[in-house]
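Enquirer: Sharing a structure here in structure tokens format.
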Amino acid sequence: MRRLALAALAARLFLACGLDMTGTGQLPEEAGPPTAPTPDASTDASIDSDADADPDADASVTPDVDVSEPDADADADAGPPCLAAAPGMIAWWTGDGTMQDRVSTHAGASGTQSGATPVTYDAGHVGEAFMLGGTSFVQVPHAPPLRPARITMEAWIRATQLGGRIIDKIGAGTSNGYLLDTHANKLRIILGETVTSSPANLPTNAWVHVAGTYDGATARLYVNGAEVTSLPTTVTLPDNSLPLRIGADSNGQNRFNGSIDEVALYDRALTTQELATIHTAGTHGRCK
5 MRRLALAALA ARLFLACGLD MTGTGQLPEE AGPPTAPTPD ASTDASIDSD
55 ADADPDADAS VTPDVDVSEP DADADADAGP PCLAAAPGMI AWWTGDGTMQ
105 DRVSTHAGAS GTQSGATPVT YDAGHVGEAF MLGGTSFVQV PHAPPLRPAR
155 ITMEAWIRAT QLGGRIIDKI GAGTSNGYLL DTHANKLRII LGETVTSSPA
205 NLPTNAWVHV AGTYDGATAR LYVNGAEVTS LPTTVTLPDN SLPLRIGADS
255 NGQNRFNGSI DEVALYDRAL TTQELATIHT AGTHGRCK
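With my numbering, the residue at position 100 of the sequence shown is 104, and numbering never jumps.
This is the structure:
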């Protein structure tokens, strides 16, 4: 009995020390701590998803930023601003459904229709324009401001056929006055006995800005804001009491065939920069 008790004690000691009593080289299994339950598939998916996520994503805050395209129509409607009238303007006939002179610095400068058919209005380069089909014109009574010592005549024109007057205040067949017209397909200015024309032909069926100036020493012509010719001259602008006509001469002949818009006169020669600015303003024109 004593021998059996000693054997049992020795076996417990070997087990406690982790010694192999089986001769197999394997340690006996021990009862370890309880095994944690295996998470189910839904739990695994949740854990994997969170593990793959950007660790900084939850900590960051994305501001609300409008990255939509700008309103193209709003930009187009805004466009460049209209121009203030240049200093020295003495008359301005817009052609916007009226023959009224907008400057109104002198009495009697508003026009009336003349010719075989009424003056009508059509889409102009700026608003509406005088539609002159070669049978009508605008006549403006004489007024003292219409005979300046220095001058600029300017307008937008769209000629169906070249060869008619744009602005005329000169006796037919005489040198008593001034005019701006299309002659032999070119732009022409007459100041008393001084005559000069553009070197190139004007286009038809297209809006063109034209101007003629005289500063007391030089007559100049401009097409679309660019000087195209000049002529040194000393001339006294004739002092006549003839009516001014838009689209015809003093006899009602040489009528313009097409549209004339934004007719303006000044008592000084506008500079190249001023005329270029008027041209660049395009359809926005002068402020009304």
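The C-beta atom is built at its ideal place from N, Cα and C for all residues, glycine as well.
Just so you know, these numbers come straight off a predicted model, no measurement behind them.
According to DSSP, is Pro148 helix, strand or coil?
Expert: helix
Enquirer: Leu166 to Pro85, Cα distance in whole Å?
Expert: 32 Å
Enquirer: Is it buried or exposed for Pro247, if we count other Cβ within 10 angstroms and need 16 for buried?
Expert: Buried, by the Cβ-count rule.
Enquirer: For Thr217, count neighbouring Cβ atoms within 10 angstroms of its own Cβ and tell me buried if that reaches 16, exposed if not.
Expert: buried
Enquirer: Considering only C-alpha positions, which residue in the set Gly181, Ala163, Lys292 and Met93 is nearest to Arg249?
Expert: Gly181
Enquirer: For the region 192-249, which segments carrying the beta strand (DSSP E) assignment without a break, of at least 3 residues, lie completely within its bounds, in sequence order?
Expert: 198-201, 212-218, 222-227 and 230-236
Enquirer: How big is the Cα-Cα spacing for Ala133 and Thr240?
Expert: 32 Å
Enquirer: When you compare the CB of Tyr182 with every CB in chain D, is at least one pair closer than 8 Å?
Expert: No chain D is part of this structure, which consists of one protein chain only.
Enquirer: Return the chain-ordered list of same chain residues with a C-beta closer than 8 Å to the C-beta of Thr121, the five sequence neighbours on each side being excluded.
Expert: So the qualifying residues of the chain are Gly137, Thr139 and Ser140.
Enquirer: What are the boundary residues of the beta strand (DSSP E) that includes Leu136?
Expert: Glu132 to Gly137
Enquirer: State the Cα-Cα distance for the pair Thr233 and Glu158, rounded to the nearest angstrom.
Expert: 15 Å
Enquirer: With DSSP collapsed to three states, give me the class of Leu166.
Expert: coil
Enquirer: What's the C-alpha gap between Pro149 and Ile94?
Expert: For Pro149 and Ile94, the distance between alpha carbons rounds to 7 Å.
Enquirer: At 4 residues or longer, and completely inside the region 246-278: list those alpha helix (DSSP H) runs for me, N to C.
Expert: No alpha helix (DSSP H) of 4 residues or more sits fully in the region 246-278.
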